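Per this note's numbering, the sequence shown starts with residue 900, numbered consecutively. These notes concern the structure reproduced below.
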Amino acid sequence: MGWPIIVVPFLNANGMALFPFILVKEKSMKRDVALINHEKIHLLQQAELLVLPFYILYLLNYMINLIKYKRHYQAYLNIAFEREAYANETNMGYLNKRKYYNWLRYFN
């Protein structure tokens, strides 16, 4: 699927999925296939949860992780949605074979 990619120079991350858009910090990042694949995985996660529940679960998972790990970056890296996306961002065939709700496998 051709998700619109928008350059947002003031973005605090290299990329972000904000359904139905992929936001990137710099124009050159539009060609970063791993980054774009990572964000596409998030878009599918958002779609299967009907968007709003995704953000609620994402935030809840982050807050629990923050209590557990005591550090922002560790808490972020251990969000189930991020774990799935990072684990599969370089697998360009992943989106074609991904099972629905596969992010559930990444809760720790």
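Positions of the beta carbon are idealized from the N, C-alpha and C atoms, including for glycine. None of these values were measured; they are calculated from a predicted model.
Continuous beta strand (DSSP E) stretch holding residue i: start and end
i	result
Ala916	Gly914 to Leu917
Val906	Ile904 to Val906
Beta-carbon separation (whole angstroms), residue i vs residue j, contact threshold 8 Å
i	j	result
Ala916	Thr989	With a Cβ gap of about 17 Å, Ala916 and Thr989 do not count as contacting.
Leu994	Lys939	6 Å
Glu983	Tyr1005	5 Å
Tyr985	His937	7 Å
Span of the alpha helix (DSSP H), counted from its first residue to its last, around residue i
i	result
Phe953	Leu951 to Tyr968
Lys996	Tyr993 to Lys996
Assigned secondary structure, residue i (DSSP; H/G/I helix, E/B strand, else coil)
i	result
Ile935	helix
Leu1019	This structure cannot settle anything about residue 1019, because the visible part of the chain is limited to 900 through 1007.
Leu922	strand
Tyr1005	helix
Asn987	helix
Leu942	helix
Residue i and residue j closer than 8 Å at C-beta
i	j	result
His941	Phe909	no
Phe918	Ala946	yes
Lys929	Ala912	no
Quiz item: Counting Cβ pairs, one atom from each stretch, are 3 or more of them under 8 Å apart for the segment 956-971 and the segment 902-909?
Solution: no
Quiz prompt | Segment contact flag, the segment 965-974 with the segment 944-952, C-beta cutoff 8 Å, min 3 pairs | solution = no
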